[in-house]
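J.:
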Amino acid sequence: MSKSARTTRLCSVAAVASLAAALAVSPAGAQQPPIKVGLLEDVSGDIALMGKPKLNGSLLAVEEINNAGGIMGRKIELIHLDPQMDNARYQEFARRLLQRDKVDVLIGGITSASREAIRPIVNRTDVPYFYTNQYEGGVCDASTISIGAVPEQQFSTLIPWMTETFGKKVYTIAADYNFGQLSAEWTRDLMKKQGGQVIGEEFIPLGVSQFGQTIQNIQKANPDWIMTLNVGASQDSFFEQAAAAKLSYPMGSSIKVMLGFEHKRFPPPALAKMHATANWFEEIDTPAANDFKKRWRAKFPNEGYINDMGYNAYTALYMYKALVEKAKSTKKADLRKVIATGEACIDAPEGKICIDPKSQHTSHQMRLIGVNPDHSVRVIKDFGLIQPYWLGEVGCDLTKNDPKTQYSPSNLPKK
Amino acid sequence: MFAEAFSIAFQFADVFAFLILAAAGLAIIFGMMGIINMAHGEFITCGIYVTVIAVQHGVPLPLAQALGAVSAGLVGIALERTIIRHLYHRPLDSILATWGISLMVTQGMLIVLGSSWQGIGTPLGSFKVGDYTFSAYRLVLFGAAVGVLAGLYLIFMRTGYGVMARATMQNAAMAKALGVRTERMYAISFGLGAALAGLCGALYAPTMTLIPTMGITFIIESFVTVVVGGANVLLGTAPAGILLAIVRTALNAWYGQIAGQIGLLITVIIVIRILPEGVSGWLSRRER
Numbered sequence: 089m090s091k092s093a094r095t096t097r098l099c100s101v102a103a104v105a106s107l108a109a110a111l112a113v114s115p116a117g118a119q120q121p122p123i124k125v126g127l128l129e130d131v132s133g134d135i136a137l138m139g140k141p142k143l144n145g146s147l148l149a150v151e152e153i154n155n156a157g158g159i160m161g162r163k164i165e166l167i168h169l170d171p172q173m174d175n176a177r178y179q180e181f182a183r184r185l186l187q188r189d190k191v192d193v194l195i196g197g198i199t200s201a202s203r204e205a206i207r208p209i210v211n212r213t214d215v216p217y218f219y220t221n222q223y224e225g226g227v228c229d230a231s232t233i234s235i236g237a238v239p240e241q242q243f244s245t246l247i248p249w250m251t252e253t254f255g256k257k258v259y260t261i262a263a264d265y266n267f268g269q270l271s272a273e274w275t276r277d278l279m280k281k282q283g284g285q286v287i288g289e290e291f292i293p294l295g296v297s298q299f300g301q302t303i304q305n306i307q308k309a310n311p312d313w314i315m316t317l318n319v320g321a322s323q324d325s326f327f328e329q330a331a332a333a334k335l336s337y338p339m340g341s342s343i344k345v346m347l348g349f350e351h352k353r354f355p356p357p358a359l360a361k362m363h364a365t366a367n368w369f370e371e372i373d374t375p376a377a378n379d380f381k382k383r384w385r386a387k388f389p390n391e392g393y394i395n396d397m398g399y400n401a402y403t404a405l406y407m408y409k410a411l412v413e414k415a416k417s418t419k420k421a422d423l424r425k426v427i428a429t430g431e432a433c434i435d436a437p438e439g440k441i442c443i444d445p446k447s448q449h450t451s452h453q454m455r456l457i458g459v460n461p462d463h464s465v466r467v468i469k470d471f472g473l474i475q476p477y478w479l480g481e482v483g484c485d486l487t488k489n490d491p492k493t494q495y496s497p498s499n500l501p502k503k
Numbered sequence: 010m011f012a013e014a015f016s017i018a019f020q021f022a023d024v025f026a027f028l029i030l031a032a033a034g035l036a037i038i039f040g041m042m043g044i045i046n047m048a049h050g051e052f053i054t055c056g057i058y059v060t061v062i063a064v065q066h067g068v069p070l071p072l073a074q075a076l077g078a079v080s081a082g083l084v085g086i087a088l089e090r091t092i093i094r095h096l097y098h099r100p101l102d103s104i105l106a107t108w109g110i111s112l113m114v115t116q117g118m119l120i121v122l123g124s125s126w127q128g129i130g131t132p133l134g135s136f137k138v139g140d141y142t143f144s145a146y147r148l149v150l151f152g153a154a155v156g157v158l159a160g161l162y163l164i165f166m167r168t169g170y171g172v173m174a175r176a177t178m179q180n181a182a183m184a185k186a187l188g189v190r191t192e193r194m195y196a197i198s199f200g201l202g203a204a205l206a207g208l209c210g211a212l213y214a215p216t217m218t219l220i221p222t223m224g225i226t227f228i229i230e231s232f233v234t235v236v237v238g239g240a241n242v243l244l245g246t247a248p249a250g251i252l253l254a255i256v257r258t259a260l261n262a263w264y265g266q267i268a269g270q271i272g273l274l275i276t277v278i279i280v281i282r283i284l285p286e287g288v289s290g291w292l293s294r295r296e297r
């Protein structure tokens with residue numbers, strides 16, 4: 089309820105502002121029309137706890153950018169709608185933002201299912217789309233700019249380390265939809281390259297909250313470590329139930345800790361021995377990161393954890409600002425010309441990151457983190473800057489053609 | 010070998026407990042009273058959050074869980090008196106009303122209480138059988154499910170309230186003519202159903218993620234069990250729980266949770282196709 093109220097308020101404020109601007113008949117064009125940013129983030133439903141920080145990150149970035157004079161002197165007008173983790177609503181709202189509100193850029197989507205639901209709709213327009221989550225990778229689409237980390241940044245770093253440290257037998261539990269299936273495929277692929285083996289794989293329907301059988305299956309298989317790719321608050325109950333049953337295998341993941349802050353939501357030691365590679369987690373201790381955290385906490389003092397989704401949502405707006413200012417235009421074609429130069433970079437709180445011209449994915453400073461028994465987080469290894477190289481290597485080159493397809497290790501571009 | 014057998018029995022007990030505890034409250038409100046209570050999940054959530062708040066304030070867990078069940082019951086009675094009682098002969102409107110309540114409660118909680126809380130941790134530790142380790146608390150859940158079934162039997166078969174409540178559900182006008190205060194029967198029954206939902210939440214609170222929408226995770230299982238069980242709580246819910254738990258445990262073990270979920274839904278389709286009044290309708294017809 090409050091969300092739509094707030095949206096209405098936002099819209100009405102914007103309407104009043106633009107009316108005032110029109111009436112003023114300002115001399116020397118002092119008031120330029122705002123840049124409209126359409127934002128789709130789930131702030132209610134099963135993944136509200138991840139969507140809320142994404143909205144907050146966007147609000148913080150918009151406030152900072154507007155206070156500093158906007159983008160090329162134009163203020164940002166943020167129009168946020170809440171699709172409530174419903175893919176049909178995602179499509180409806182995407183159409184509404186693109187057709188009725190005529191936004192200059194569309195940002196958002198949490199699950200990969202929601203991204204795939206709106207990508208074809210964005211593709212019929214001239215509007216660029218920023219997907220700001222870490223995800224299973226592989227989207228080769230000229231309209232889509234991906235800000236989050238992808239498997240070659242997360243799995244290609246994590247899995248070799250896990251196999252060397254804990255052993256070559258892994259058991260995967262994954263949410264049963266495109267993210268979980270494709271991430272499990274990545275795990276199989278990389279384990280094979282490491283000479284390791286996936287000795288068990290379990291796909292769990294979204295919304296399942298009871299894991300008695302899963303816990304027993306894992307004990308029966310007796311792996312060296314577990315890859316946890318369970319998604320959503322219900323499936324996170326796995327950690328509590330596994331801890332209660334004294335299941336104490338090392339765990340690895342591409343989404344735990346920095347994204348779902350499970351180490352803050354479950355009492356220790358449920359998340360002990362969890363490992364993940366991340367471009368952002370709140371425990372990062374660098375001057376730039378600390379400064380960013382201070383600004384965030386000043387605006388949202390009640391935030392439980394500043395997660396990578398919120399962080400990526402924040403950097404996405406700065407990346408957009410950098411692109412528009414370099415292109416001196418908001419048109420997708422002009423922004424893509426800037427990306428093609430390889431010079432589309434910003435100094436983010438994690439460090440300098442750039443958009444790769446071939447795949448339109450973002451390079452990231454990757455760190456391997458581990459959760460201690462008391463649920464504090466330690467940095468185990470700093471990998472430095474890692475490029476999103478995989479799509480380029482397998483033959484996606486958006487500077488030459490635009491297949492608008494999502495690839496995976498078992499579904500490669502035709503050479 | 011023993012460990013394997015124990016593991017299978019344990020999984021069955023675990024699934025059975027979840028089905029029974031999730032469905033008990035709904036079986037009274039939906040099964041007996043005919044109110045399709047879409048806010049069932051929110052009574053569960055109420056039990057969860059009251060339990061967690063009480064534990065955070067230093068109340069021992071069993072007492073906190075009792076508080077959770079009682080508060081859900083009181084909320085249920087208040088809701089029955091203000092809204093539900095106007096809808097007894099309007100089943101479709103009752104769906105809409107309870108669904109509206111459900112939406113308002115979850116969204117209201119999201120705004121007031123935030124999107125997630127830290128859990129309180131599962132008590133009682135674990136035990137080992139063969140190569141497997143199990144959470145001892147899951148046995149408490151199974152015990153509670155059996156206890157709830159026994160308690161319901163005693164309440165409805167051995168108490169004055171039980172006789173009057175059953176009379177009211179069967180023929181309200183006749184019961185009223187014989188001096189039963191039917192309005193009170195409806196209120197108490199609704200309250201009892203809500204309290205059982207609250208108890209379910211209170212019992213599962215230590216084992217799950219705490220978010221305002223978590224009551225929804227119980228909904229499929231509760232409706233499936235009640236539909237398979239039919240209108241009679243005493244005759245229907247327990248056999249339905251056993252049947253569904255066997256199907257689900259077997260499929261979970263054979264092909265994982267997806268198969269278990271699909272199997273559950275296929276079972277309900279088959280059962281309502283051959284036994285439209287559920288297991289209890291079939292059993293009571295056989296008795297006659």
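Going down the list, the protein sequences come from chains Y and W. Just so we're aligned, residue 89 is where the first sequence starts under the numbering used here, counting upward by one. Just so we're aligned, residue 10 is where the second sequence starts under the numbering used here, counting upward by one. Every residue, glycine too, gets a C-beta built ideally from N, C-alpha and C. The structure presented is a predicted model; accordingly, all values stated were derived computationally and were not measured.
Using 8 Å as the threshold, is the region 74 to 93 of chain W in touch with the region 198 to 215 of chain W, meaning 3 or more CB pairs across them?
T.: yes
J.: With H, G and I counted as helix, E and B as strand and the rest as coil, what does DSSP make of F218(Y)?
T.: strand
J.: In or out: M113(W) buried (at least 16 other Cβ within 10 Å) or exposed?
T.: Its Cβ having fewer than 16 others within 10 Å, M113(W) is exposed.
J.: Thinking C-alpha only, which one of K492(Y), E204(Y) and D444(Y) is nearest W478(Y)?
T.: D444(Y)
J.: Locate the beta strand (DSSP E) running through C442(Y), then write down its first and last residues.
T.: G439 to C442
J.: Is there a Cβ from chain W that is less than 8 Å from the Cβ of Q222(Y)?
T.: no
J.: Following the continuous beta strand (DSSP E) through R90(W), name the residue where it begins and the one where it ends.
T.: Note, R90(W): premise wrong, no beta strand (DSSP E); alpha helix (DSSP H) at L70 to T91.
J.: Taking the alpha carbon of I301(W) as the point to measure from, which residue in A404(Y), H363(Y) and Q323(Y) has its own alpha carbon closest?
T.: Absent from the structure is residue 301(W), since the part of chain W shown begins at 10 and ends at 297.
J.: Short of 6 Å in beta carbon distance, which residues of its chain neighbour L158(W), apart from the five on each side in sequence? Order them along the chain.
T.: A247
J.: Taking only beta-carbon positions, decide if T216(W) is within less than 8 Å of chain Y.
T.: yes
J.: What residues in the region 255 to 270 of chain Y bring their beta carbon closer than 9 Å to a beta carbon of chain W?
T.: D264
J.: Which partner residues does L128(Y) have in the DSSP bridge list?
T.: L169(Y) and G196(Y)
J.: Just grab the DSSP bridge partners of I220(W) for me.
T.: None, per the DSSP bridge assignment.
J.: Where does I123(Y) fall in DSSP's three states?
T.: strand
J.: Kindly identify the DSSP beta-bridge partner or partners of T450(Y).
T.: I443(Y)
J.: Do G255(Y) and R147(W) have their C-beta atoms closer together than 8 Å?
T.: no
J.: Give the DSSP-derived three-state secondary structure of P285(W) in the structure shown.
T.: coil
J.: Can you list, in chain order, the residues of its chain whose CB lies under 8 Å from that of G200(W), leaving out five sequence neighbours each side?
T.: G82, L83, G85, I86 and E89
J.: Between L28(W) and G202(W), what straight-line distance do the alpha-carbon atoms span, to the nearest angstrom?
T.: Those two C-alpha atoms are separated by around 15 Å.
J.: Apart from the five residues on each side of it in sequence, which residues of its chain come closer than 8 Å, Cβ to Cβ, to I457(Y)?
T.: Hits under 8 Å: V345, M346, H363, A364, T365, A366, F369, E371, V465, R466, V467 and I468.
J.: Within the 8 Å Cβ cut-off, does F291(Y) reach chain W?
T.: Yes, F291(Y) counts as interfacial toward chain W.
J.: The beta strand (DSSP E) spanning D76(Y) covers which residue range?
T.: Chain Y is shown from 89 up to 503; residue 76(Y) falls before or after that span and cannot be answered.
J.: Count the other CB atoms, across all protein chains shown, that sit within 10 Å of the CB of H95(W); report buried if there are 16 or more and exposed otherwise.
T.: exposed
J.: Assuming the contact rule is C-beta atoms closer than 8 Å, G250(W) and G287(W) should be a hit. Round their C-beta distance to whole Å, please.
T.: Contact check for G250(W) and G287(W): beta-carbon distance about 12 Å, past the 8 Å limit, so the pair fails to qualify.
J.: So, with DSSP's three-state summary, where would you put K382(Y)?
T.: helix
J.: Flag this pair as yes or no: are the beta carbons of L212(W) and Q65(W) separated by less than 8 Å?
T.: no
J.: Taking Cβ positions only, does F380(Y) come closer than 8 Å to chain W?
T.: no
J.: Would you verify that the beta carbon of L119(W) is, or is not, closer than 8 Å to some beta carbon of chain Y?
T.: yes
J.: Checking 8 Å against the spacing of the C-beta atoms, do D396(Y) and Q222(Y) come in under that value?
T.: Yes; because the gap between Cβ atoms is below 8 Å, this pair is in contact.
J.: In chain order, what residues of the same chain lie with their CB nearer than 6 Å to the CB of G77(W), ignoring the 5 residues before and after it?
T.: G56, V59, T60, G207 and A211
J.: Using the Cα positions of Y399(Y) and Q266(W), report the straight-line distance between them to the nearest angstrom.
T.: 34 Å
J.: Do A401(Y) and K142(Y) count as a contact pair if the criterion is CB distance below 8 Å?
T.: yes
J.: Please classify Q285(Y): does DSSP put it in a helix, a strand, or coil?
T.: Looking at Q285(Y) - three-state DSSP - the assignment turns out to be strand.
J.: Can you tell me which residues form a DSSP beta bridge with W313(Y)?
T.: For W313(Y), the beta-bridge partners assigned by DSSP are V258(Y).
J.: Could you tell me which uninterrupted alpha helix (DSSP H) segments, each at least 4 residues in length, are contained entirely in the region 185 to 272 of chain W, listed from first to last along the chain?
T.: Listed in chain order, the complete alpha helix (DSSP H) runs (minimum 4 residues) inside the region 185 to 272 of chain W are 191 to 213 and 228 to 238.
J.: Counting C-beta neighbours from all protein chains within 10 Å, is the total for I123(Y) 16 or more, i.e. buried, or is it exposed?
T.: buried
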